[in-house]
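One structure below.
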Amino acid sequence: GAGVSQTPSNKVTEKGKYVELRCDPISGHTALYWYRQSLGQGPEFLIYFQGTGAADDSGLPNDRFFAVRPEGSVSTLKIQRTERGDSAVYLCASGQGANTGELFFGEGSRLTVL
Amino acid sequence: AQKVTQAQTEISVVEKEDVTLDCVYETRDTTYYLFWYKQPPSGELVFLIRRNSFDEQNEISGRYSWNFQKSTSSFNFTITASQVVDSAVYFCALSEARRGGNKLTFGTGTQLKVEL
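Sequence lines, in order, name chains A and B. Reading the first sequence from the start, the letters are residues 234 to 347 in my numbering. Reading the second sequence from the start, the letters are residues 6 to 121 in my numbering.
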């Protein structure tokens, strides 16, 4: 597609359940980022991939969060044993290589944990 | 630690007015990048500008202009002759240059409402 695509756009789940959020970056972009945005706040960095490897995962809040990008394109953010505090919009962005300046963001996946 | 402060939570203006959005940052890095992003109601963040710490020249792009003042650690954004379509949340962000990638630290954003 022309832009960064994220699915699902909305996900409602119950506390304790497992959730997967998918990001399809712009074709050819080697850098992929996950951010989390809570209501009224700016996005917070979670993890950065350069190709298939996680170059920086320092923003993942705890070991319930995990992300993969096995073929260097699509990425999946996985959240185990969800908690109400995980409710937020999860944003994915992609870019051409490192330090390119411009990141292209998707519209996000809104996660609500009841 | 890096920090970005956008003290203005919400600004309302009437169309055609000029408006300035303030951004103050903190970093111990000598080399860094500053950004502005626009977030319309659809939620998708739209890149507006990137400026590196060694380039203090002001920039103008159409109705948009940016004033980077290293001495006061500020990177303010001015919209001239605002339009209703400018209504959005605007985020200022900072990234370290010594690491690969664009790990951005965002401010809390300024909600701009432009009314007729």
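A virtual CB, placed ideally from N, CA and C, is assigned to each residue, including glycine.
Query                                                                                                                                                : Result
In its own chain, which residues sit with a C-beta less than 6 Å from the C-beta of A288(A), not counting the 5 before and 5 after it?               : Y281
Can you give me, in chain order, the residues of the segment 64-85 of chain B that have a beta carbon less than 9 Å from any beta carbon in chain A? : none
Against chain A, does T113(B) count as a neighbour if the rule is that its beta carbon must be under 8 Å from one of theirs?                         : yes
Taking just the CA atoms, how far does Y251(A) sit from E31(B)?                                                                                      : 37 Å
When you compare only the Cα positions, how much space is there between L50(B) and Q239(A)?                                                          : 13 Å
V84(B): buried (16+ other C-beta within 10 angstroms of its C-beta) or exposed?                                                                      : Position check: residue 84(B) holds Ile in this sequence, whereas Val was assumed. Buried, since its Cβ has 16 or more Cβ neighbours within 10 Å.
Which stretch, first to last residue, makes up the beta strand (DSSP E) that contains I280(A)?                                                       : 277-283
Could you compute how far the alpha carbon of P46(B) sits from the alpha carbon of S78(B)?                                                           : 29 Å
Can you check whether the CB of E277(A) is closer than 8 Å to the CB of G292(A)?                                                                     : yes
Taking Cβ to Cβ, would you say E247(A) is nearer than 8 Å to K311(A)?                                                                                : no
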